[in-house]
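A quick write-up on the structure given underneath.
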Amino acid sequence: MGKNNEFGEPILETRNLTKHFVAGGAFSRTSVKAVQEADLQLYKGHVTALVGESGSGKSTIVRMLAQLYDATDGAILFKGLDVTRRRDDNKILADLCLDAAIGISIGLVVSFFVDFPPLLTMAICIVLSLVFGYMFTGWQNYRKALNYRRRVQMVFQDPFSSLNPVHRVRHTLERPLKIHGKVRGRKDLSEKVDALLRRVSLAPVEEFRSKFPHQLSGGQRQRVAIARALAVDPEVILADEPVSMLDVSIRMGILNLMAELRDEQNIAFLYVTHDLASARYFADRILVMYAGYIVESALSEDLTQNPQHPYTQLLLSAVPDPARGLRTGELEAVGEIPVITVADVGCPFAPRCPRVMEHCQKAMPPVTQLDGERWVRCYLYE
Amino acid sequence: MTTASLQESQPAPEKAKNHWPLLSVRNLEVEYHIRRGIVKAVDMVSFEIAKNEVFGLAGESGCGKSTIAHSVTRILKPPAYITGGEIVFNGIDILKMRDEQLRGFRWEHLSIVFQSAMNALNPVLSVGAQIIDAIQAHKPMNKRAARERAKELLRTVGIDVKRIDSYPHQLSGGMRQRAVIAIALALNPEMIIMDEPTTALDVVVQKQIIREIQELQQAFGFSIMFITHDLSLLVEISDRIGIMYAGELVEMAPAQTIFGNPQHPYTFRLMNSFPMISGARQELFGIAGSPPDLISPPPGCRFHPRCESAEPICRETVPRLRQIGENHQAACHLLKKEGDYGQK
Numbered sequence: 548m549g550k551n552n553e554f555g556e557p558i559l560e561t562r563n564l565t566k567h568f569v570a571g572g573a574f575s576r577t578s579v580k581a582v583q584e585a586d587l588q589l590y591k592g593h594v595t596a597l598v599g600e601s602g603s604g605k606s607t608i609v610r611m612l613a614q615l616y617d618a619t620d621g622a623i624l625f626k627g628l629d630v631t632r633r634r635d636d637n638k639i640l641a642d643l644c645l646d647a648a649i650g651i652s653i654g655l656v657v658s659f660f661v662d663f664p665p666l667l668t669m670a671i672c673i674v675l676s677l678v679f680g681y682m683f684t685g686w687q688n689y690r691k692a693l694n695y696r697r698r699v700q701m702v703f704q705d706p707f708s709s710l711n712p713v714h715r716v717r718h719t720l721e722r723p724l725k726i727h728g729k730v731r732g733r734k735d736l737s738e739k740v741d742a743l744l745r746r747v748s749l750a751p752v753e754e755f756r757s758k759f760p761h762q763l764s765g766g767q768r769q770r771v772a773i774a775r776a777l778a779v780d781p782e783v784i785l786a787d788e789p790v791s792m793l794d795v796s797i798r799m800g801i802l803n804l805m806a807e808l809r810d811e812q813n814i815a816f817l818y819v820t821h822d823l824a825s826a827r828y829f830a831d832r833i834l835v836m837y838a839g840y841i842v843e844s845a846l847s848e849d850l851t852q853n854p855q856h857p858y859t860q861l862l863l864s865a866v867p868d869p870a871r872g873l874r875t876g877e878l879e880a881v882g883e884i885p886v887i888t889v890a891d892v893g894c895p896f897a898p899r900c901p902r903v904m905e906h907c908q909k910a911m912p913p914v915t916q917l918d919g920e921r922w923v924r925c926y927l928y929e
Numbered sequence: 170m171t172t173a174s175l176q177e178s179q180p181a182p183e184k185a186k187n188h189w190p191l192l193s194v195r196n197l198e199v200e201y202h203i204r205r206g207i208v209k210a211v212d213m214v215s216f217e218i219a220k221n222e223v224f225g226l227a228g229e230s231g232c233g234k235s236t237i238a239h240s241v242t243r244i245l246k247p248p249a250y251i252t253g254g255e256i257v258f259n260g261i262d263i264l265k266m267r268d269e270q271l272r273g274f275r276w277e278h279l280s281i282v283f284q285s286a287m288n289a290l291n292p293v294l295s296v297g298a299q300i301i302d303a304i305q306a307h308k309p310m311n312k313r314a315a316r317e318r319a320k321e322l323l324r325t326v327g328i329d330v331k332r333i334d335s336y337p338h339q340l341s342g343g344m345r346q347r348a349v350i351a352i353a354l355a356l357n358p359e360m361i362i363m364d365e366p367t368t369a370l371d372v373v374v375q376k377q378i379i380r381e382i383q384e385l386q387q388a389f390g391f392s393i394m395f396i397t398h399d400l401s402l403l404v405e406i407s408d409r410i411g412i413m414y415a416g417e418l419v420e421m422a423p424a425q426t427i428f429g430n431p432q433h434p435y436t437f438r439l440m441n442s443f444p445m446i447s448g449a450r451q452e453l454f455g456i457a458g459s460p461p462d463l464i465s466p467p468p469g470c471r472f473h474p475r476c477e478s479a480e481p482i483c484r485e486t487v488p489r490l491r492q493i494g495e496n497h498q499a500a501c502h503l504l505k506k507e508g509d510y511g512q513k
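Chains as they are written, first to last, in my numbering: chain A, 548 to 929; chain B, 170 to 513.
In structure tokens:
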């Protein structure tokens with residue numbers, strides 16, 4: 548999209564990103580379309596919010612971005628470089644053949660020199676070669692992932708399960724520093740841990756360093772999780788519902804902390820949430836997802852004050868707003884979010900849409916660029 | 170339409186005694202006796218709910234709001250003990266009821282909707298069977314009549330009648346919650362306690378269900394005690410709201426007053442912890458610190474360690490809930506000083 552004037556080049560972006568999950572039994576096998584043709588961009592020093600109901604595919608996008616899931620189709624670009632994790636069967640087969648060939652040739656040579664049944668020698672060499680090849684590929688993938696995760700970190704929803712309960716906070720924060728080789732010597736290590744704790748306002752540092760997760764409140768745990776993500780100086784942080792498990796009085800503190808990090812360290816945030824009001828508060832841009840598709844993208848104020856896609860309008864009308872009053876707000880659509888399989892064509896919102904047209908059932912509408920930063924996938928605006 | 174016919178078919182003559190209030194909780198105290206010590210989960214809480222009123226109870230997790238709901242229905246189990254106070258429903262003290270009295274009281278006069286419908290429903294029984302079970306447990310009614318009544322109830326809450334033989338796992342989250350509400354309505358109770366009924370649901374479904382609850386409430390005229398941590402939702406649905414903090418009721422006022430003119434520092438800060446979807450975009454701060462450990466709560470006002478305007482008296486004396494305006498009560502020492510509220 549031509550929005551480079553304000554946001555600059557995207558640091559992390561997806562093109563046509565798609566994820567299908569195989570579902571059903573042996574005789575009713577089908578593919579669930581979890582994410583379809585997702586185009587999203589994250590910019591340095593900006594927060595992009597991904598908003599949708601449960602089952603809309605927002606967590607699947609995050610997991611693909613964090614390289615926890617392979618992508619079915621499409622690409623993830625980090626600073627323009629393709630970093631997509633795909634499962635490529637041809638490459639796996641080619642690697643296996645290469646490993647086997649290396650094993651055979653080594654076996655041939657070795658069987659000349661050792662006093663051992665030649666066939667057995669060959670077999671041992673092939674097996675060893677396959678094992679080493681497998682380990683080498685694993686090591687390569689590990690290096691690649693390490694490299695990527697130095698730049699792209701994640702904060703999970705549930706701070707009660709994302710921290711290891713048997714380790715002290717110090718250990719939790721030392722691990723990424725050590726693994727990513729960010730420190731020289733013991734003193735440097737403890738200084739960096741202290742600096743991280745101070746950065747997320749967990750003071751006094753001496754006290755928090757040696758606490759176990761169960762001694763911390765939810766908000767403090769989420770601060771530790773954020774500190775852990777910060778340990779490697781990431782350029783992107785993917786936050787998957789970071790405040791939805793926390794008490795309401797604590798949430799703003801965590802969101803404000805992340806806003807500070809965005810402003811001071813120029814980190815690009817992806818804020819995944821189901822709460823439009825908090826997305827409006829924290830994010831610069833909001834993307835709305837419905838049943839695997841991103842249906843609308845706009846600057847936060849534009850999207851929340853003047854929604855264009857019928858689904859965004861529905862979602863907004865459902866958000867409790869004491870100033871407006873629930874009793875007056877109209878809710879036009881009925882029903883619930885569907886699961887979309889490969890057999891389904893057309894706009895997934897069509898069955899619930901109050902302004903549905905005939906061709907909505909036939910094909911998914913393309914992206915229509917509206918004014919400036921805004922686009923929408925709906926035939927109403929074509 | 171269906172709601173009206175349902176009302177006619179199920180008159181509740183002896184229930185219509187005009188006691189005001191319907192429910193009155195006085196100085197309720199509940200303790201949890203755990204290995205680490207005694208947790209005072211509810212401390213000297215008093216409030217009243219009138220007939221036909223929607224009373225909202227809000228607070229953060231662990232503030233005692235669910236404990237109150239469980240006390241009122243007397244379903245608290247050890248290690249929780251009610252150690253003081255009384256809960257009077259229609260003139261009868263619930264805490265003094267014998268078991269067989271309770272059996273008649275629960276569901277016929279007071280029912281409860283729990284947060285997680287998945288856990289509230291029995292996974293191996295169809296929805297219909299569970300509604301019929303609730304009806305037959307209280308009323309001598311043959312299977313066919315009970316089934317008719319179950320169908321009627323499902324229609325009332327907006328579930329397709331064909332779903333009567335569906336099992337809970339075949340229903341979506343919203344439909345399960347509707348089914349639970351149908352069970353709660355089964356015997357036309359005078360009051361329904363709703364303990365976070367929509368927290369696990371998406372906003373669109375939440376709104377549909379909230380609207381249905383409102384319609385049912387208007388049609389049948391039962392009272393609701395609505396418990397949630399979502400203040401913006403509560404302000405919309407409730408007539409009156411009580412705000413709890415660390416086991417104490419700190420402020421009680423009509424919903425619009427809580428929204429527009431909160432007086433207790435905690436309520437004020439809590440209202441400012443919610444980003445709003447409309448209106449000006451302003452910076453919010455939440456509340457620093459976290460709720461206290463109730464085994465050793467801070468002396469004086471329990472909120473004082475997190476309160477910016479705390480004064481020496483707040484650390485020493487426990488503030489009592491008192492009248493600070495018409496229909497407006499709060500428990501804070503500082504409010505006395507402000508000239509606009511001349512009470513006591």
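For each residue, glycine too, the CB sits at the ideal point set by N, CA and C.
Among the bridge pairs identified by DSSP, residue 276 (chain B) is matched with none. Contact check for residue 210 (chain B) against residue 236 (chain B) passes: the beta carbons are separated by less than 7 Å.
Ranked by Cα distance from residue 782 (chain A), the options A:600, A:678, A:719, A:817 are led by A:817. Residue pairing of residue 472 (chain B) in beta bridges, as defined by DSSP: absent, with no partner found. With 16 or more other CB atoms across the displayed protein chains lying within 10 angstroms of its CB, residue 787 (chain A) is buried. Collapsing the DSSP output to three states places residue 392 (chain B) in a strand.
When Cβ-Cβ separations below 7 Å define contact, residue 326 (chain B) makes no contact with chain A. Interface residue (Cβ-Cβ distance to chain A less than 7 Å): residue 234 (chain B) is not classified as such. With the criterion set as a beta carbon lying under 8 Å from some beta carbon of chain B, the members of the region 775-797 of chain A are 794, 795, 796, 797, in sequence order. Taking a cut-off of 8 Å for Cβ pairs, the region 621-639 of chain A and the region 554-569 of chain A touch, as three or more such pairs fall below it. When 9 Å is used as the limit between beta carbons, residue 375 (chain B) is near these residues of chain A: 865, 867, in chain order. DSSP places residue 719 (chain A) within a helical segment (H, G or I) once states are collapsed to three.
By the rule that beta-carbons nearer than 7 Å mark a contact, residue 800 (chain A) touches chain B. Within the same chain, Cβ atoms closer than 6 Å to the Cβ of residue 844 (chain A) are found at 834, 922, the five residues on either side in sequence being excluded.
Within chain B, no C-beta atom comes less than 7 Å from the C-beta of residue 571 (chain A); the nearest is roughly 16 Å away. Annotation: residue 201 (chain B) to residue 249 (chain B) spans about 4 Å, alpha carbon to alpha carbon.
In the DSSP assignment, residue 216 (chain B) forms a beta bridge with B:194. A Cβ-Cβ separation of about 7 Å places residue 197 (chain B) in contact with residue 256 (chain B) under the 8 Å criterion. Apart from sequence neighbours up to five positions away, the residues of its chain that approach residue 589 (chain A) with a beta-carbon distance below 8 Å are 557, 558, 559, 560, 595, 783, 815, 816, 817, ordered along the chain. Between residue 826 (chain A) and residue 858 (chain A), the alpha-carbon positions lie close to 16 Å from each other. When DSSP assignments are scanned along the region 669-746 of chain A, the uninterrupted stretches of beta strand (DSSP E) that are 3 or more residues long and fall wholly within it turn out to be 699-702. In the structure shown, the three-state DSSP call for residue 568 (chain A) is strand. By the CB criterion at 7 Å, residue 350 (chain B) and residue 296 (chain B) fall outside the cutoff. Restricting attention to A:710, A:867, A:888, the CA atom closest to the CA of residue 376 (chain B) is found in A:867.
Listed in chain order, the non-local C-beta contacts of residue 854 (chain A) below 6 Å within the same chain comprise 860, 863, local neighbours out to five positions each way being set aside. Straight-line spacing of the CA atoms in residue 244 (chain B) and residue 438 (chain B) works out to 33 Å. At least 7 Å separates the beta-carbon of residue 247 (chain B) from that of residue 292 (chain B). If you check each beta-carbon in the region 206-239 of chain B against every beta-carbon of chain A, the ones closer than 8 Å belong to 229, 230. Contact of residue 811 (chain A) with chain B is not assigned, every C-beta pair being separated by 7 Å or more. Burial is judged here by how many other beta carbons sit within 10 angstroms of a residue's own beta carbon; residue 839 (chain A) has at least 16 and is buried. Residue contact check for residue 600 (chain A) against chain B: a CB pair falls below 7 Å.
In this structure, residue 221 (chain B) keeps its C-beta atom at 7 Å or more from the C-beta atom of residue 411 (chain B). In terms of beta-carbon proximity, residue 766 (chain A) lines the interface with chain B, with at least one pair separated by less than 7 Å. Taking 7 Å as the threshold, the shortest C-beta distance from residue 828 (chain A) to chain B falls below it.
Each residue's CA atom was taken as its position, placing residue 489 (chain B) and residue 501 (chain B) some 7 Å apart. At a C-beta separation below 8 Å, residue 457 (chain B) has these neighbours in chain A: 800.
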